[in-house]
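So the protein sequences, as listed, match chains A and B. According to the numbering used here, the first sequence holds residues 286 to 422 in order. According to the numbering used here, the second sequence holds residues 26 to 103 in order. Just so you know, even glycine gets a beta-carbon here, dropped at the ideal spot from N, CA and C. Quantities reported herein were computed from a predicted structural model and do not represent experimental measurements.
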Amino acid sequence: MGKTGSRQFKGRTASKNRKLIQRTFVVQILLTFLIGVGLYLTNGLVDAYSAWLGGLIYLLPSLYQAKQVFTEDDSKSVRQILGNIYKSEIWKMALTMVLFGVVFSTVKPIEPFPIFGVFILMQMVAWLAPLFSTRGR
Amino acid sequence: MEAALLYIAGALVMGLGATGAAIGIGILGGKFLEGGARQPELIPMLRTQFFIVMGLVDAIPMIGVGIGMYIMFVVAAG
């Protein structure tokens, strides 16, 4: 593969990858919203905002990490890219801890099951990310 | 005494989960370096795969962090 061909291949792959991650986030946001609405209609407001907070605690650090990872220049060395991914992972963990701490210490009353239920569900949707791939369409 | 034990339990949940994630992500990073060094044109694809698998590896510690925080801020405090 020549230099120009390699650059075009990299560009196409990067664009596909961004779309895949964007689709996953859209599915997660929609799912959080719908579960919150469903819980509001069946169990009340406390369950609904607990579910929304669970989704938000997952989504904010993940969006930050995705922005850090995917806005990076492809021409950087593998080592630099890896260092950046590790940094973003540390910040993601720290942000998640802070958000959980803030929610549990300030929001009262709160229901643990909707928070953890939606948080775990968001993680599971991320595992299914390859299914949202546009490849072959 | 009971509150102290609860704090220790929360810390253990977070710490042990983080240890597992550290090992997993370390191995993942090593493989990413190898793959990127062998075929630099595949770096964008490898990066996406890395991102997805990293989400898989750090899911359990993240849930552990949440449960640990719940133990510390709600169960132990309340």
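Asked                                                                                                                     : Found
Sequence-distant residues of the same chain with beta carbon closer than 8 Å to ALA351 of chain A, five excluded per side : ILE306, PHE310
Contacting positions in the region 71–83 of chain B - beta carbon closer than 8 Å to chain A                              : ARG72, THR73, PHE75, PHE76, ILE77, MET79, GLY80, LEU81, ASP83
Chain A contact for GLY35 of chain B (CB, 9 Å cutoff)                                                                     : no
Sub-9 Å separation of GLY55 of chain B and VAL363 of chain A beta-carbons                                                 : no
Enclosing alpha helix (DSSP H) for SER347 of chain A [first to last residue]                                              : 330–355
The region 310–322 of chain A in contact with the region 335–349 of chain A per 3-pair CB rule at 8 Å                     : yes
For LEU41 of chain B, three-class secondary structure by DSSP                                                             : helix
For PRO394 of chain A, the three-state DSSP class (helix, strand or coil)                                                 : coil
Segment limits, alpha helix (DSSP H) that includes GLN74 of chain B                                                       : 68–82
Coarse secondary structure for GLY93 of chain B, derived from DSSP in three states                                        : helix
GLN64 of chain B, buried or exposed, once every other Cβ within 10 Å from all chains shown has been counted against 16    : exposed
Neighbourhood of VAL104 of chain B by C-beta, 7 Å cutoff - its chain only, sequence neighbours within 5 removed           : Because chain B spans 26 through 103 in this model, residue 104 of chain B falls outside it and cannot be assessed.
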